[in-house]
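A.B. asks:
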Amino acid sequence: MTLPTLHLPTLPRVLSRLTVTIPAWPFTPPTSRAFAFAANLAAWPSLRELDWSHVHGRHFCVQVSDIGLQFFFTLHAEGFRAERRSRADVTFTATSADFARLALRLEDPDTLFFNRKLLIEGDTDLGLTVKNMLDAVELETAAAKMPVGLGHLVLALRRLALKD
Amino acid sequence: MSNPALLELICPAGSLPALKTAVDNGADGVYLGLKDNTNARNFSGLNFDEKSLVEGIRYAQGKRRKVLMALNTYPQPATLSRWHKAVDTAASLGVDAIILADPGLMDYARKTHPQLRLHLSVQGSATSYEAVNFYRERFGIQRAVLPRVLSLAQVENVIDNTEVEIELFGFGGLCVMVEGRCLLSSYACGDSPNTFGACSPGHAVRWEQTPKGMETRLNGVLIDRYANNEKAGYPTLCKGRFEVQGETYYALEEPTSLNSMDMLPEMARLGIAAIKIEGRQRSPAYVAQVTQVWRAAIDAVKKNRETFKTQPAWQAALAKVSEGSMNTLGAYYRPWK
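From first to last, the protein sequence lines stand for chains A and B. Each residue of the first sequence is one higher than the one before, starting from 1 at the first, in my numbering. Each residue of the second sequence is one higher than the one before, starting from 1001 at the first, in my numbering.
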């Protein structure tokens, strides 16, 4: 995978090197653990009602290209589970800003794809399934189920971005 | 008799949030489909089940907007009952119209639910007033969505010779436009829009970043390779680049989007009933952006057809979400006949 030129603050560059130079972690990377923890806290309460049974056990990778971070995880009945660095069934690659815009529903994934800002590699159907299932959850509903304050912050950020 | 429809804005809804977004941003109607191959946007995780459909109809009709259900694929003998059940569901839940392509299904709908309004899908591929009037006489269709191959002069010829309302595509991804008769994707993956409900089913599509660029494959067949920073299109065969007699190029069609906004005054003059926005496969963010722009443009043209001018900001917003690197008026603007 060729990543774009990185213009990074100091800490992320260090993390970026770590993920690139260690090809196979013998343990679950702390980054993936942190991702799964955050996702379970912020997103899972609004996602748990959906039927994820057909993606149970499938391996996902979210790759944040500008800071060189990769998050490996699977989905189960109890939520997100961090996984060891491995070959994912589907990998999503974009910059942190574009992932944030997707999460805030400010940008359409197809628009990013046309403009080469989003890459989906591996099982396309699995990627589409997840994208469409997430689209079917209303942001307001998801925000209402987030921990106190976080939901308000998410909606405020979205409103702010829409004003730009 | 109520006023005839004029330039209704019909927007795509692939999910309940997309439907609400379309309604909240000014769509006069939305079109949607069920979670199976009874419609031509059959993608995993997309579309409506009965619960979300009930909620969508309640939301839209509560704000006096219309819900149109696309049942625009061709039923297969072994699974015909699925299409019949979908028509029954549409009728029982009270959608405002169903959009059909298959004459057999129209016959079923007309006989079983005579009160249900029928629209002829673009997949019905009716390009002449004779064809449109045939569907009117036999099945009582009240609106026809015309294929995107006609010039506006040809559209006018249809309108002058039929009482059926005419709906035109206003914006969205273009294909080779052999609507309802295209079997191209079958060559690569055995599925076609008419039967499977999608040109390039997700299970057959693979993208891979390679040292030469991003490669797109359909069931293993390499259909395009994009250089870095080159804009991409949907992974369909018609938009692939192929080697023909030693030269590699877009042999059928290049990724591009239709944008007919400049023709709105002429469409208003002709009495076009509705403008359809393509993109049920896209996210609520796209629906919001495109609906806002087209609402503003249609309001402006209705206010004053003579002084209507497309705003640069509208075009910029549409260009941003377009497939491929360009917008085109397509066949609508064509000085020759």
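C-beta: ideal position from N, C-alpha, C; glycine also.
Among all the DSSP beta bridges, which residues are the ones paired with A/Gln63?
C.D. replies: Partner(s): A/Gln70 and A/Thr93.
A.B. asks: Between the alpha carbons of B/Asp1102 and B/Asn1039, how many angstroms are there, rounded?
C.D. replies: Rounded to whole angstroms, B/Asp1102 to B/Asn1039 spans 11 Å at the Cα level.
A.B. asks: Quick one: which chain A residues come within Cβ less than 8 Å of B/Trp1207?
C.D. replies: Simply Leu119, Ile120, Glu121 and Thr124.
A.B. asks: Is the shortest distance between the beta-carbon of A/Phe99 and the beta-carbons of chain B less than 7 Å?
C.D. replies: No, its Cβ sits nowhere closer than 7 Å to a Cβ of chain B.
A.B. asks: Mind checking whether B/Lys1276 and B/Glu1137 have CB atoms under 7 Å apart?
C.D. replies: In this structure, B/Glu1137 does not lie closer than 7 Å to B/Lys1276 by Cβ.
A.B. asks: B/Ala1013 touches chain A at which residues, Cβ-Cβ below 9 Å?
C.D. replies: Within chain A, no residue comes near B/Ala1013; the closest Cβ sits about 11 Å away, beyond 9 Å.
A.B. asks: Is B/Phe1139 close to chain A? Criterion is C-beta to C-beta, closer than 7 Å.
C.D. replies: No - not a single Cβ of chain A is within 7 Å of the one on B/Phe1139.
A.B. asks: Taking B/Val1054 as the reference, give the member of B/Asn1042, B/Phe1043 and B/Met1069 with the closest Cα.
C.D. replies: It is B/Met1069.
A.B. asks: Quick check: the Cα distance between A/Val130 and B/Gly1045, rounded to an integer number of angstroms?
C.D. replies: Going from the Cα of A/Val130 to the Cα of B/Gly1045 covers about 7 Å.
A.B. asks: Do three or more CB pairs link the segment 1102 to 1122 of chain B to the segment 1138 to 1153 of chain B at distances below 8 Å?
C.D. replies: Flag = yes, the segment 1102 to 1122 of chain B and the segment 1138 to 1153 of chain B touch.
A.B. asks: Against chain A, does B/Ala1232 count as a neighbour if the rule is that its beta carbon must be under 7 Å from one of theirs?
C.D. replies: Yes, because at least one Cβ of chain A sits closer than 7 Å to the Cβ of B/Ala1232.
A.B. asks: So A/Ala136 contacts chain B; which residues on that side make the cut at Cβ distance below 8 Å?
C.D. replies: Per Cβ cutoff of 8 Å: Ser1015, Leu1016, Pro1017, Gly1045 and Ser1052.
A.B. asks: Is there a Cβ from chain B that is less than 7 Å from the Cβ of A/Glu107?
C.D. replies: Answer yes: the Cβ-Cβ gap between A/Glu107 and chain B drops below 7 Å somewhere.
A.B. asks: At the level of alpha carbons, what is the spacing between B/Asn1072 and B/Val1087?
C.D. replies: Roughly 11 Å between the two C-alpha positions.
A.B. asks: Take B/Ala1027 and list the residues in its own chain whose beta-carbon comes closer than 6 Å to its own, dropping the five residues that flank it on each side.
C.D. replies: Excluding residues within five positions, the ones whose Cβ falls inside 6 Å are Leu1009, Cys1011 and Thr1291.
A.B. asks: Verify whether the separation of the beta carbon atoms of B/Ala1198 and B/Leu1218 is less than 7 Å.
C.D. replies: No, these two residues do not count as a Cβ contact at 7 Å.
A.B. asks: Of the residues B/Arg1269, B/Leu1258, B/Ala1317 and B/Ala1316, which one's Cα is nearest the Cα of B/Tyr1332?
C.D. replies: Answer by Cα proximity: B/Leu1258.
A.B. asks: Using DSSP with H/G/I as helix, E/B as strand and the rest coil, what is A/Ile22?
C.D. replies: Unreliable placement is indicated for A/Ile22, whose pLDDT of 48 sits below 50; no coordinate value is reported for it.
A.B. asks: Could you tell me how far apart the beta carbons of A/Arg85 and A/Phe72 are, in whole angstroms, since I believe they sit closer than 8 Å?
C.D. replies: Between A/Phe72 and A/Arg85 the Cβ distance is about 6 Å, and since that is below 8 Å, they are a contact.
A.B. asks: Find the nearest neighbour of A/Ala77 within the set A/Glu83, A/Gln63, A/Asp66 and A/Val55, judged by alpha-carbon distance.
C.D. replies: With distances taken between Cα atoms, A/Ala77 lies closest to A/Val55.
A.B. asks: Distance cutoff 7 Å, beta carbons only. Does B/Ser1185 sit that close to anything in chain A?
C.D. replies: By this cut-off, B/Ser1185 is not an interface position.
A.B. asks: Given a threshold of 16 other Cβ atoms within 10 Å of its Cβ, counted over all protein chains shown, does B/Ser1052 qualify as buried or as exposed?
C.D. replies: Under this definition B/Ser1052 is a buried residue.
A.B. asks: For the segment 130 to 164 of chain A, which residues have a CB atom closer than 8 Å to at least one CB atom of chain B, in sequence order?
C.D. replies: Residues Val130, Lys131, Asn132, Met133, Asp135, Ala136, Val137, Glu138 and Leu139.
A.B. asks: Contact defined as beta carbons within less than 8 Å: I believe A/Ala139 pairs with A/Arg105. What is the distance between those atoms, to the nearest angstrom?
C.D. replies: Inspection of the sequence shows that residue 139 of chain A is occupied by Leu rather than by Ala. Sure, about 5 Å apart at Cβ, within 8 Å.
A.B. asks: For B/Pro1255 versus B/Gly1324, is the C-beta spacing smaller than 7 Å?
C.D. replies: In contact: B/Pro1255 and B/Gly1324 (Cβ atoms closer than 7 Å).
A.B. asks: How about A/Thr21: is its C-beta nearer than 7 Å to some C-beta of chain B?
C.D. replies: At A/Thr21, the pLDDT of 46 sits below 50, so the modelled position is not reliable and the matter cannot be decided from this model.
A.B. asks: Looking at the unbroken beta strand (DSSP E) that takes in B/Tyr1250, where does it start and where does it end?
C.D. replies: Element bounds for B/Tyr1250: Glu1247 to Tyr1250.
A.B. asks: Got a sec: is the Cβ-Cβ distance from A/Asp89 to anything in chain B below 7 Å?
C.D. replies: Not one chain B Cβ lies under 7 Å of A/Asp89.
A.B. asks: In chain A, what lies closer than 9 Å to B/Pro1284 by C-beta?
C.D. replies: The contacting residues are Arg105, Asp108, Asp135, Glu138 and Leu139.
A.B. asks: Quick one: what's got a C-beta closer than 6 Å to B/Asn1042's C-beta in the same chain, skipping five residues either side?
C.D. replies: Same-chain partners within the cutoff: Gly1197 and Ala1198.
A.B. asks: Output needed for B/Asp1262: all residues of its chain with C-beta closer than 7 Å, excluding positions within five of it in sequence on either side, in chain order.
C.D. replies: Here the set comprises Thr1310 and Leu1329.
A.B. asks: Could you spell out where the alpha helix (DSSP H) holding A/His152 opens and where it closes?
C.D. replies: From DSSP, the alpha helix (DSSP H) with A/His152 extends over Leu150 to Lys163.
A.B. asks: Since B/Ile1030 sits in a beta bridge, which residues does DSSP pair it with?
C.D. replies: The amino acid at residue 1030 of chain B is misidentified as Ile; the sequence shows Val. Paired residue(s): B/Cys1011 and B/Val1067.
A.B. asks: Strictly below 8 Å CB to CB, what residues from chain A border B/Glu1323?
C.D. replies: Going along chain A in sequence order, the residues near B/Glu1323 (Cβ under 8 Å) are Asp110 and Phe114.
A.B. asks: Classify B/Pro1312: buried if its beta carbon has 16 or more other beta carbons within 10 angstroms, exposed otherwise.
C.D. replies: Looking at its Cβ environment, which holds fewer than 16 other Cβ atoms inside 10 Å, B/Pro1312 is exposed.
A.B. asks: Hey, would you say the C-beta of B/Val1244 is under 6 Å away from at least one heavy atom of the ligand PLP?
C.D. replies: In the structure shown, the ligand PLP is absent, as is every other ligand, since no ligand is present at all.
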